[in-house]
Amino acid sequence: MEETLARFADALARGDADAAANLFAVDAVYEEPPRFRFEGREAIRAFFRDFAARHSDARFTALRAVADPAHGLLAAEWEWRYLSASDGQERAFSGMSLIAFAGDRITSWRGLSIPIET
């Protein structure tokens with residue numbers, strides 16, 4: 005599970021929306037309440053593609069993770085930074101995600117974040 009999270013971070017850093025989306029199950033749900041909720045890998049892929057087109061220098065860093073492999077659950081604390089293409093400014097967030105897995109695919113990602121002043 006932690007390896008999948010590392011592959012997710014790497015895909016985001018490369019701006020590879022397809023690689024990031026392919027870590028999710030076909031019927032996965034990705035949500036960041038109250039802002040986003042995407043159902044299905046293709047909707048998640050479209051979200052990642054849109055993000056990659058509008059941002060650069062993305063860095064998703066897992067600071068700490070606690071896994072429950074028997075139940076396919078991972079809780080991760082992370083930091084997320086990127087440059088906005090619209091104004092060149094860095095944006096940074098600190099957050100937590102609860103991630104559910106079926107095998108090596110993410111079935112549910114629920115994240116909450118708060119901005120970090122840069």
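Using our numbering, you'd call the opening residue of the sequence shown number 5 and step up by one each time. We put the beta carbon where it would ideally sit given N, CA and C, even for glycine.
Query: Buried or exposed, going by whether 16 or more other CB atoms sit within 10 Å of the CB of leucine 27?; Result: buried
Query: Have a look at Asp14, Gly19, Tyr86 and Ala25 and flag the residue whose alpha-carbon is nearest the alpha-carbon of arginine 109.; Result: Ala25
Query: Straight-line CA distance for glycine 19 to tryptophan 84?; Result: 14 Å
Query: For serine 117, which residues in the same chain have their Cβ closer than 6 Å to its Cβ, ignoring the five residues on either side in sequence?; Result: Phe97 and Gly99
Query: What is the DSSP secondary structure of isoleucine 48, counted as helix, strand or coil?; Result: helix
Query: Opposite isoleucine 103 in the DSSP bridges: which residues?; Result: Leu78 and Trp113
Query: Give me, in chain order, the residues of the same chain whose beta-carbon lies closer than 6 Å to that of glutamate 43; leave out the 5 immediate sequence neighbours on both sides.; Result: Val33
Query: Nearest by alpha-carbon distance to alanine 17: which of Trp113, Thr65, Arg49 and Val30 is it?; Result: Thr65
Query: Quick one: what does DSSP say glutamate 121 is sitting in, helix, strand or coil?; Result: coil
Query: Quick check on the DSSP output: the alpha helix (DSSP H) that includes alanine 23 runs from which residue to which?; Result: 21-25
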